[in-house]
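Notes for the one structure printed next.
Residue numbers (the working numbering): -17 to 238.
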């Protein structure tokens, strides 16, 4: 099932990329006076097609690994005298270059729009607030305590705990020091220097932050249910807001 869902999302993502890419060729070609015959998403035999009022044959083909925009071109077929001015091969070099480059440019614009949308909506993830810190760990000996919030790693700002993990991972194998700027519970900023001389990530402590003695505050929160959606499986099972989960499939639950 996972393979099928991954394949489905891959095809959807590829379809979006191909559509934008080919639309770039299509739009610029039309603007520069080239007659477009076919706009196809996919290769091979069409599984859906429609003739537009603009005379273009729009289609979705069976092999979703690309697409194409077929334009009027004397090198591919005979062109009537009245359509010669609309042939691709009759346009100047600069116009032909613009049409060819329009596809990659459209994909670049799509990437910018998607990043803008992603950052506009926000990125889900854990904050950089720390839970209990083992006083004998590397982080504890450097002076970090529960309630601290990591704001920078080696001088670079971090906003989510995954940012911290990525930044710290870059220091794997080193034996000097790691600088963490933290904000304490009273809002005061300070920089803690963590010695990496005895830092090891192994089977006993496979998690990067755990190996330093760091843990997120969510690990100290009880598994208390805030609310239950009506008519949900949890509601049907008898769960309610305020309940604390003690076991999951007979396995003890210690925190959220």
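The C-beta atom is built at its ideal place from N, Cα and C for all residues, glycine as well.
- Counting only runs that start and end inside the segment 127 to 208, the alpha helix (DSSP H) elements of at least 4 residues fall at 143 to 151 and 190 to 194.
- Contact between residue 176 and residue 120 holds, since their C-beta atoms are separated by about 5 Å, short of 8 Å.
- Around the CB of residue 112, 16 or more other CB atoms lie within 10 Å, so the residue is classed as buried.
- Taking the Cβ atoms as the reference, residue 10 lies roughly 6 Å from residue 80, within the contact range of under 8 Å.
- Boundaries of the alpha helix (DSSP H) around residue 75: 75 to 103.
- In this structure residue 90 is exposed. Its beta-carbon is surrounded by fewer than 16 other beta-carbon atoms within 10 angstroms.
- Sequence-distant partners of residue 229 (beyond 5 residues in either direction) whose C-beta falls short of 7 Å from its own C-beta, in its chain, are 235.
- Each residue's CA atom was taken as its position, placing residue -4 and residue 49 some 10 Å apart.
- In the three-state reduction of the DSSP assignment, residue 110 falls in the coil class, being assigned neither a helical nor a strand state.
- According to the DSSP secondary-structure assignment, residue 45 is paired through a beta bridge with 25.
- Under DSSP, residue 50 forms a beta bridge with 22.
- The beta carbon of residue 227 sits closer than 6 Å to the beta carbons of 205 and 235 from its chain, once the five residues preceding and following it are set aside; these are given in chain order.
- Sequence-distant partners of residue 51 (beyond 5 residues in either direction) whose C-beta falls short of 8 Å from its own C-beta, in its chain, are 4, 7, 8, 11, 18, 20, 21 and 22.
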